[in-house]
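Going down the list, the sequences are from chains A and B.
Heads up, the first sequence is in the numbering used here, so the first residue is 1 and it goes up one at a time.
Heads up, the second sequence is in the numbering used here, so the first residue is 621 and it goes up one at a time.
Where a beta carbon is used, it is the ideal one built from N, C-alpha and C, also for glycine.
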Amino acid sequence: MSSIAKKKGFGASVWDYLTTVDHKKIAILYLAAGGLFFVIGGIEAMLIRIQLAKPDNDFVSAGLFNEIITMHGTTMIFLAAMPILFGFMNAVMPLQIGARDVAFPFLNALGFWLFLFGGIFLNLSWFMGGAPDAGWTSYASLSLASPGHGIDFYALGLQISGAGTYIGGINFLVTIINMRAPGMTYMRMPLMTWTTFVASALILFAFPPLTIGLFFLILDRMFGANFFDHTMGGNTIIWEHLFWIFGHPEVYILILPAFGIFSEIFALFSRKRLFGYSSMVFATVLIGFLGFMVWAHHMFTVGLGPTANAIFAVATMAIAVPTGMKIFNWLLTIWGGSIKVTVPMLYALGFIPSFVAGGVTGVMQAAAPLDYQLHDSYFIVAHFHYVIVGGVVLAILAALHLYWPLMFNQMLSEKLGKWTFWFFFIGFHMTFFIQHFLGLMGMPRRVFTFRADQGWDLFNLISSIGAVFMAIGVIILVINIIITVAKNVPVGNDPWEDGRTLEWAIPQPVPFYNFKQTPLVRGLDTFWIEKQEGNKEGMTYAEPISDIHMPNNSFIPFVMTVGLFVAAFGALYNGEKTWAVPVLVLGLAITLLSMAVRSLKDDHGYHIHKEDLMNEKGGK
Amino acid sequence: MNTTMKEGFDLAMMKGLKKWRLFSLLAALTIFLSGCGEEYLSTLTPAGQVGRDQYNLLLLSSAIMALVILVVVIIYVLALVKFRRSKVGENVIPKQVEGSHTLEIIWTVIPIILLLILAVPTVAYTYKHADVAGMSEVNEEGNKTAVTVNVTAKLYWWEFEYPDLGIVTAQELVVPTNEKVYFNLKAADVKHSFWIPTAGGKMDTNVENVNQFYLEFDKESAGLKDGVFYGKCAELCGPSHALMDFKVKTLDRKDFDAWVESAKSTEHVAQGDLATQGEEIFNTSCIACHATSAAGTAGSMGPNLGTFGDRNRVAGFMDHDKENLKAWINDPQSYKPGNVMPQPEAINNGDKFSEEQLDALAEYLMGLSVEK
Numbered sequence: 001m002s003s004i005a006k007k008k009g010f011g012a013s014v015w016d017y018l019t020t021v022d023h024k025k026i027a028i029l030y031l032a033a034g035g036l037f038f039v040i041g042g043i044e045a046m047l048i049r050i051q052l053a054k055p056d057n058d059f060v061s062a063g064l065f066n067e068i069i070t071m072h073g074t075t076m077i078f079l080a081a082m083p084i085l086f087g088f089m090n091a092v093m094p095l096q097i098g099a100r101d102v103a104f105p106f107l108n109a110l111g112f113w114l115f116l117f118g119g120i121f122l123n124l125s126w127f128m129g130g131a132p133d134a135g136w137t138s139y140a141s142l143s144l145a146s147p148g149h150g151i152d153f154y155a156l157g158l159q160i161s162g163a164g165t166y167i168g169g170i171n172f173l174v175t176i177i178n179m180r181a182p183g184m185t186y187m188r189m190p191l192m193t194w195t196t197f198v199a200s201a202l203i204l205f206a207f208p209p210l211t212i213g214l215f216f217l218i219l220d221r222m223f224g225a226n227f228f229d230h231t232m233g234g235n236t237i238i239w240e241h242l243f244w245i246f247g248h249p250e251v252y253i254l255i256l257p258a259f260g261i262f263s264e265i266f267a268l269f270s271r272k273r274l275f276g277y278s279s280m281v282f283a284t285v286l287i288g289f290l291g292f293m294v295w296a297h298h299m300f301t302v303g304l305g306p307t308a309n310a311i312f313a314v315a316t317m318a319i320a321v322p323t324g325m326k327i328f329n330w331l332l333t334i335w336g337g338s339i340k341v342t343v344p345m346l347y348a349l350g351f352i353p354s355f356v357a358g359g360v361t362g363v364m365q366a367a368a369p370l371d372y373q374l375h376d377s378y379f380i381v382a383h384f385h386y387v388i389v390g391g392v393v394l395a396i397l398a399a400l401h402l403y404w405p406l407m408f409n410q411m412l413s414e415k416l417g418k419w420t421f422w423f424f425f426i427g428f429h430m431t432f433f434i435q436h437f438l439g440l441m442g443m444p445r446r447v448f449t450f451r452a453d454q455g456w457d458l459f460n461l462i463s464s465i466g467a468v469f470m471a472i473g474v475i476i477l478v479i480n481i482i483i484t485v486a487k488n489v490p491v492g493n494d495p496w497e498d499g500r501t502l503e504w505a506i507p508q509p510v511p512f513y514n515f516k517q518t519p520l521v522r523g524l525d526t527f528w529i530e531k532q533e534g535n536k537e538g539m540t541y542a543e544p545i546s547d548i549h550m551p552n553n554s555f556i557p558f559v560m561t562v563g564l565f566v567a568a569f570g571a572l573y574n575g576e577k578t579w580a581v582p583v584l585v586l587g588l589a590i591t592l593l594s595m596a597v598r599s600l601k602d603d604h605g606y607h608i609h610k611e612d613l614m615n616e617k618g619g620k
Numbered sequence: 621m622n623t624t625m626k627e628g629f630d631l632a633m634m635k636g637l638k639k640w641r642l643f644s645l646l647a648a649l650t651i652f653l654s655g656c657g658e659e660y661l662s663t664l665t666p667a668g669q670v671g672r673d674q675y676n677l678l679l680l681s682s683a684i685m686a687l688v689i690l691v692v693v694i695i696y697v698l699a700l701v702k703f704r705r706s707k708v709g710e711n712v713i714p715k716q717v718e719g720s721h722t723l724e725i726i727w728t729v730i731p732i733i734l735l736l737i738l739a740v741p742t743v744a745y746t747y748k749h750a751d752v753a754g755m756s757e758v759n760e761e762g763n764k765t766a767v768t769v770n771v772t773a774k775l776y777w778w779e780f781e782y783p784d785l786g787i788v789t790a791q792e793l794v795v796p797t798n799e800k801v802y803f804n805l806k807a808a809d810v811k812h813s814f815w816i817p818t819a820g821g822k823m824d825t826n827v828e829n830v831n832q833f834y835l836e837f838d839k840e841s842a843g844l845k846d847g848v849f850y851g852k853c854a855e856l857c858g859p860s861h862a863l864m865d866f867k868v869k870t871l872d873r874k875d876f877d878a879w880v881e882s883a884k885s886t887e888h889v890a891q892g893d894l895a896t897q898g899e900e901i902f903n904t905s906c907i908a909c910h911a912t913s914a915a916g917t918a919g920s921m922g923p924n925l926g927t928f929g930d931r932n933r934v935a936g937f938m939d940h941d942k943e944n945l946k947a948w949i950n951d952p953q954s955y956k957p958g959n960v961m962p963q964p965e966a967i968n969n970g971d972k973f974s975e976e977q978l979d980a981l982a983e984y985l986m987g988l989s990v991e992k
């Protein structure tokens, strides 16, 4: 029997995805799950804008509104933006560096399932007594005072999905350090890989503070500890520090991969080498480093004193320098190039002015005394939507079009894609530009309603209309995806014709072992070099065809995660239901047992034999 | 390479920070921005030195940032116009430029200079606005020279205590104009944030420590639409966060001193039968939480009502009339979800207040004035 033979059928496919350790399939899982949460978060956003479309509105109640804003922020950051980016990293990075998979395929699957079950747990709060309502920042005094189980769902759900992210980050780091193909030196890695690398390093250092903060919160709320209770010697400001020591790098964990995606797009669709490659790499690393030095700029009004505020103000301003370098490098990349305005390029071109606008308002808020006015007003809401939607979401939508042919061997409709872009782009600026002024006009953020006598009515209405435009854009995108999948027209490799990096050189559909022979990388933009030299295959090989060692699929990551999911319910109802502790123990036992099975049972994987590879022409 | 070098120098020319350009930009911005918002609420119409400093910083940073945006947009548009594939030719392979050290240096150094221009006033104002040394200054007689207000934020109302003057009030802050007013800020339950947009930036009220800052008010509020500046809670504090408003009345020093005297000495006497009846109901049901004399100290369960008749809003956000007052008393939870005022059933023998009782209460409460 051939070692490449595959089972078919729907049940077999489901089982395949439940047990897969293939980075390409895990990428699809991330994309699908992240996309679903993106839609949920988007619906929450629409509810917010409906409520605020007119003054004194009673579309949703005060308490429900707080639940919606909390879940909107948490969902979009943790369950939509990050996982979708993880999907693209998974799909692209191993192919870009010439690897057959990530370093730890088993952990890759575990990371995904942890994220998914954490996200599901968090969203179950809607049906089990109410969602968290203390904002995505969940500041301690309010989160401790919050009645019901909403905050418990938040703390436990994020803890589980955070573990998944952390595992994923480590996996990417090890992959990039160890699994680059011969000749793929650090300074030949494409920017998408570089930003994955730096973002993963940020995850490595940024998630532990969040984990600690969440454990404190879990212990305080469910097990009677007093880390944040000031009447018992605790301190709420500690939560703010822990949260933002994580929270600020988190912003860069999101935006750096976006920078990577746009760097790829600008070079590809300008048919030109990325301008100032080494300074782009330097800027990426520097942004990652500085990202840990500025967390207290989220806390200028907490009362840390003028010295702390002044230091953090100046440190924050410093980040503008490497970010500015990147903007100018992108501009100089398209300068003198041959610009083809495809949908991904359209997003990249839309990104520049949007992100610059978001960046400069960031510098304005770095000026601490000015931030005393802007903090917690609608100005900050406008600012972070400009960087996150104008940066990260535009990157995600761009990457969706750019990498769809790589992931699915199909092309999303360019025509519908342009419709989506214009609706989304215009809607985005309409929604958020005007919010800068609402903030300056004295409107605080996170208000469930506002009175008519404050001069905010018109701007809020305009903002809500903009949100409708964005929603229409997303709906068109969903239609586009459905049509494309239904048509299923294969496009082959290098569909954009000007591909520069290794992932475009691989035959389509990408074989499950990625590279029949490990490629030899001969420079930056290795595929481009081969094409320029007339190499039809697009690759030079570093080895003859030989047996390939592959990992076996495994159901253990799924079971391990289910254990934690069950345990979370035990923790949640601790002290309230008699079955809580047994369930907690049972859940942890499932997880520990599956870990033991994984450790004790040797799984050596299998080999694809040389003879089978010779006959194989590609295919999944 | 030469073309990019030339572009680089053009770029440097464009970025040249010409003073006249900055000033005209500033002037245009001022005019544009001051058209935004209401003068009792907007940060763009500052009514005191702190707010004005911050507004100036807004103008300066906006101008610098507008300059940056301008440069980016010019390069961006030119590139888009000149280098479209339709212009360049379908099969042209552009020169694969590696980069340019000159340009790298230019776009590193110029932003650093721009940021330094912004950093200097930023650091200066950060220290200036945190300077509360004047709080403890005393005159020859040993009295504090400046007015200090102890602000306590509670779910969802504000308590203002004047420790040196021996008075306490709620929901409506009364301050003198043209001098620094110092604030001690604290929260009694969960974190809130104290913000008077026209006067200056916000400061959080933490649960575990007292924050201090000062504000100045150089405009009397009497001429404003409602006769008050608006104040806001800026930190999410629960369901009724959006309704946790307060108002600020600014008086010149003479009027302020008169107000203080009146607040300290006024003994409220119910006027007329209805009000007297209301006072009786109040003394049975409400007095446990609400004091009716502004002379006193902070720490009561509910807002001090000693100046209630002079106020601008019922419950901080509803129009100040008897109908709203009656509606509020009979169902506070539905108006301000999550607030800690008991429902009428809890304080009135298990019943809602009757219409007559409400009329009496409203009559009495509206009469609690120190200004008339």
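query, result
"For Ile816 of chain B, the first and last residue of its enclosing beta strand (DSSP E)", "812-816"
"Per-residue burial, Phe246 of chain A [other beta carbons within 10 Å of its own, 16 or more giving buried]", "buried"
"Limits of the alpha helix (DSSP H) - the one that Val485 of chain A falls within", "457-487"
"Selection from A:Val198, A:Gly260, A:Gln517, A:Asp220 that minimises the alpha carbon distance to Leu286 of chain A", "A:Val198"
"Within-8 Å CB hit, Val251 of chain A to chain B", "no"
"Complete alpha helix (DSSP H) runs within the segment 367-434 of chain A (minimum length 4 residues, chain order)", "368-374, 378-387, 394-408"
"Whole-Å CB distance - Gly276 of chain A paired with Phe703 of chain B, under 8 Å assumed", "Going by Cβ atoms, the distance from Gly276 of chain A to Phe703 of chain B rounds to 17 Å, so no, they are not a contact pair."
"Straight-line Cα distance separating Gly605 of chain A from Met658 of chain A", "As shown, chain A starts at 1 and ends at 620. That puts residue 658 of chain A outside it, with no answer to give."
"Opposing strand residues paired with His607 of chain A [DSSP bridges]", "A:His549"
"For Val801 of chain B, the nearest candidate out of B:Glu757, B:Gly762, B:Cys857, B:Ile732 (CA to CA)", "B:Glu757"
"At least three beta-carbon pairs within less than 8 Å, the segment 75-94 of chain A to the segment 138-154 of chain A", "no"
"Where the alpha helix (DSSP H) through Ala744 of chain B begins and ends", "721-749"
"The segment 831-844 of chain B contacting the segment 415-427 of chain A, beta-carbon criterion three pairs below 8 Å", "no"
"Environment of Ser13 of chain A [buried if 16+ CB atoms lie within 10 Å]", "exposed"
"Residue nearest to Ala467 of chain A in terms of C-alpha spacing, selected from A:Phe433, A:Leu440, A:Ile261, A:Ala181", "A:Phe433"
"heavy atom of the ligand GTP below 7 Å from Arg672 of chain B C-beta", "The ligand GTP is not part of this structure, which contains no ligands at all."
"N-terminal and C-terminal residue of the beta strand (DSSP E) that Ile787 of chain B is part of", "787-790"
"Burial state of Asn763 of chain B (16 or more Cβ within 10 Å)", "exposed"
"Start-end ranges of the alpha helix (DSSP H) lying completely within the segment 99-185 of chain A, minimum 4 residues", "105-124, 140-145, 150-178"
"Beta-carbon proximity list for Ile50 of chain A, same chain, < 6 Å, skipping 5 on both sides", "Phe59"
"Spatial distance of Leu268 of chain A from Ser954 of chain B (CA atoms)", "58 Å"
"Alpha carbon of Gln832 of chain B to alpha carbon of Leu734 of chain B, nearest angstrom", "32 Å"
"Same chain only: Cβ atoms within 6 Å of Lys806 of chain B, ignoring 5 sequence neighbours per side", "Thr772, Thr825, Val830"
"Short CB-CB distance (under 8 Å) between Leu31 of chain A and chain B", "no"
"Below-8 Å beta-carbon distance, Ala313 of chain A vs any chain B residue", "yes"
"Within-8 Å CB hit, Thr772 of chain B to chain A", "no"
"Asp453 of chain A, enclosing beta strand (DSSP E) - first and last residue", "Unbroken run through Asp453 of chain A: none, as it is neither H nor E."
"Cut-off 7 Å between Cβ atoms - residues of its own chain near Leu856 of chain B, not counting five sequence neighbours on either side", "none"
"Entirely enclosed alpha helix (DSSP H) segments - the segment 566-610 of chain A, minimum 4 residues", "580-600"
"Residue(s) in a DSSP beta bridge with Asn770 of chain B", "B:Glu781, B:Asn804"
"Runs of beta strand (DSSP E) lying entirely within the segment 843-923 of chain B, each at least 3 residues, in chain order", "849-853, 866-871"
"Near-chain A residues of the segment 831-850 of chain B (beta-carbon distance less than 9 Å), N- to C-terminal order", "Asn831, Gln832, Phe833, Lys845, Asp846, Tyr850"
"Cβ separation of Thr196 of chain A and Asn553 of chain A, assumed to be a contact under 8 Å, to the nearest whole Å", "Not quite, the Cβ-Cβ distance comes to about 24 Å (not below 8 Å), so this is no contact."
"Close-in-space but distant-in-sequence residues of the same chain around Ile901 of chain B (CB under 7 Å, 5 per side omitted)", "Gln977, Ala980, Leu981"
"Span of the beta strand (DSSP E), counted from its first residue to its last, around Thr825 of chain B", "820-825"
"CB contact below 8 Å: Thr75 of chain A versus chain B", "no"
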